[in-house]
Amino acid sequence: MLDLPCRADGRVFNMAVPLVDRHVAEGRGSRPALRLDSGDVSYAGLQAMVNRAGNALRGAGLAPEQRVALLLPDGLEFIAAFIGAMKIGAVPVPLNTAARQADVQLMLADSRAQALIADASLLGAGSYDVPRVLTVGGNGGRSFEAAMAAAADQLEPYPTGVDEPCYWLYSSGTTGRPKGVVHLHGDMLACVSPYARQVVRITPEDSTFSVARLFFSYGLVNSLFLPLLAGATAILTPHRPELAHVLDIIRRHRPTLFFSVPTSFVQLCAAAPEGTLASVRLAISAGEPLPEPVYRSWTESTGVELLDGLGSTEVGYIYCSNLPGHVRPGSSGRMIGDHQARIVDENGFDVPAGESGELLVKAASTALHYWNQRDRSKQTFVGEWLRTGDRYVRDADGWLWYQGRTTDVFKVSGQWVSPLEIESCLLSHPSVVECAVVGAADGAGLLKPKAYVVPRGPVTSEELQVWVKERLQPHKYPRWVELVAELPKTASGKVQRFRLRD
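Residue numbers (the numbering used here): 4 to 505.
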């Protein structure tokens, strides 16, 4: 494993240097940085592309601190544009490639982006209110590829400070309008290095493949910050991560670290031919809690260790995780690195082990604020602590157990009910593929559990109610079970419970 710094050394620090320039300077320029369907890109080759991208943006009039929106699929252009923008002191802002045109326009206006780099296939028929549009592919507009080809491949990093904006990400919006999360140049070292050392123990010999795309915080670290900081190789594909394509990528490119979400692991358990995952030494789940039945089904069918972890866009990545050889199925794990946690009641007082409360996190990588949302920022970023909005129980050994969002957990007959506990019970039924539980009002206006279930085979609502009654306390069984074809989700695969409640 390479020596990975956890803190930026000195006030002047540009994140592009440890990601790319450092490896070339230390003699690793010939090693593969990216693995694409078209072939490998070495660290020296990536450095040249990053420098060309930065010079192309500077030539287009971009100045330090100005935002550069990216509407690009995973690939070389995304990586070069993202790091190239950082290298000239500009601020890359990845946008969801599945977002509606109206949502893209909203994020462009909110961020006041001075340029948009977009794949021609994602632009749509409308126009965008942004000073500069650079396209990848297609014949219309100003070509980003042509601008890069004409630019110099040498570029000195702009002397940004550790506390200056480095990149933004818009939250996935599971509870409404996305929020612009502002991260600084020093954030990722404090966040990624402890995870790299303690959890995946990544080395330059590793290769990563992520089902989550680069415009998500989870995918951005899986496929950019984590592998490039370690001098490893990121496997990238521009195509949607549908099951057949994911299996094909794993079979052809043989990643050693595989990152996905619970829904994907459920699908892979049922579809992966024997031997497909032979190259994978660790699988990592995040984005939403991994139910114990899914963990056991995966490990028993594949033999690959699966590590569930807890992270957020606001912290930048996973700050709590199970560890290789130390997994408690159903748990989010323990805090890693210097990250600290508190679990507090409604009045902000710490609760004892075994009691449920809201999780607060202190991390050196926590974002600066939500852009242009002062009230939300004040509610979430409280001094050194981040209010996660998640309810957790911490056991006597320090392991954290998810109970649901603060807006998801509800009381039945005066007792707290965790949707996750009911969902885990339902998932243990052989005919249940996916499910989600929310609180719904009965005829008297009192909240009771309601389950939405995606069935695998023939099953009745009454059968599932009896299944839960026999395994959990009586007040926890779902009073209603609705069989559905699919659950509403964000583009990152998180269940949108607010839509079920509505």
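By construction, the Cβ of each residue, glycine as well, lies at the ideal position given by its N, Cα and C atoms.
Residue span of the beta strand (DSSP E) that contains residue i, given as start and end
i, result
"Phe261", "Leu260 to Ser263"
"Glu437", "Val435 to Ala444"
"Phe228", "Counting along the chain, Phe228 falls outside any beta strand (DSSP E), and DSSP gives it neither H nor E."
"Gln418", "Gln418 to Val420"
Supposed contact pair residue j and residue i - C-beta distance, whole angstroms, cut 8 angstroms
i, j, result
"Tyr455", "Glu485", "5 angstroms"
"Asn325", "Gly340", "Not quite, the Cβ-Cβ distance comes to about 15 angstroms (not below 8 angstroms), so this is no contact."
"Leu223", "Leu22", "Leu223 to Leu22, Cβ: 12 angstroms. No contact."
Backbone CA spacing between residue i and residue j [nearest angstrom]
i, j, result
"Ala237", "Gly496", "21 angstroms"
"Val195", "Pro461", "45 angstroms"
"Val441", "Leu39", "41 angstroms"
"Ala121", "Pro97", "10 angstroms"
"Ala84", "Val20", "15 angstroms"
"Arg331", "Arg504", "30 angstroms"
"Val385", "Ile86", "30 angstroms"
"Tyr320", "Ala56", "26 angstroms"
"Val283", "Ala47", "27 angstroms"
"Ser213", "Thr259", "11 angstroms"
"Ala72", "Ser33", "30 angstroms"
"Arg408", "Pro292", "11 angstroms"
"Val457", "Ala63", "50 angstroms"
"Val93", "Ala289", "In the sequence under discussion, the amino acid at residue 93 is Ala, which differs from the Val named in the question. Cα to Cα, the separation comes out at about 29 angstroms."
"Val364", "Ser431", "31 angstroms"
"Arg14", "His372", "20 angstroms"
"Arg115", "Val139", "21 angstroms"
Residue burial classification, residue i (beta-carbon count within 10 angstroms, cutoff 16)
i, result
"Phe352", "exposed"
"Lys381", "exposed"
"Trp470", "buried"
"Gly278", "exposed"
"Leu490", "buried"
"Ala155", "exposed"
"Lys414", "exposed"
"Gln157", "exposed"
"Cys323", "buried"
Range of the contiguous alpha helix (DSSP H) that encloses residue i
i, result
"Trp470", "Ser464 to Lys472"
"Pro160", "Here Pro160 belongs to no alpha helix (DSSP H), and DSSP marks it neither H nor E."
"Trp171", "Unbroken run through Trp171 is the beta strand (DSSP E), Pro168 to Tyr173; no alpha helix (DSSP H)."
"Leu111", "Gln104 to Ser114"
"Asp378", "Arg377 to Thr383"
"Ser300", "Glu295 to Thr305"
"Arg183", "The displayed chain sequence assigns Gly, not Arg, to residue 183. From DSSP, Gly183 is part of no alpha helix (DSSP H) but of the beta strand (DSSP E) over Gly183 to Leu187."
"Pro197", "Asp190 to Tyr198"
Which listed residue (the options) has its alpha carbon closest to that of residue i
i, options, result
"Trp402", "Ala356, Ser267 and Glu387", "Ala356"
"Ala399", "Glu358, Leu430 and Glu68", "Glu358"
"Glu361", "Trp404, Leu158, Ala367 and Thr463", "Trp404"
"Trp525", "Glu291, Leu285 and Cys323", "The structure shown has nothing for residue 525, since the chain only spans 4 to 505."
"Ile346", "Arg397, Pro481, Glu308 and Arg379", "Arg397"
"Val498", "Val264, Ala370 and Arg254", "Val264"
"Thr493", "Phe218, Lys453, Pro241 and Thr138", "Phe218"
"Asp113", "Arg257, Asp132, Leu363 and Tyr221", "Asp132"
Proximity test, residue i beta-carbon vs the ligand ZN heavy atom, cut-off 7 angstroms
i, result
"Thr409", "Because no ligand of any kind appears in the structure shown, any question about the ligand ZN cannot be addressed here."
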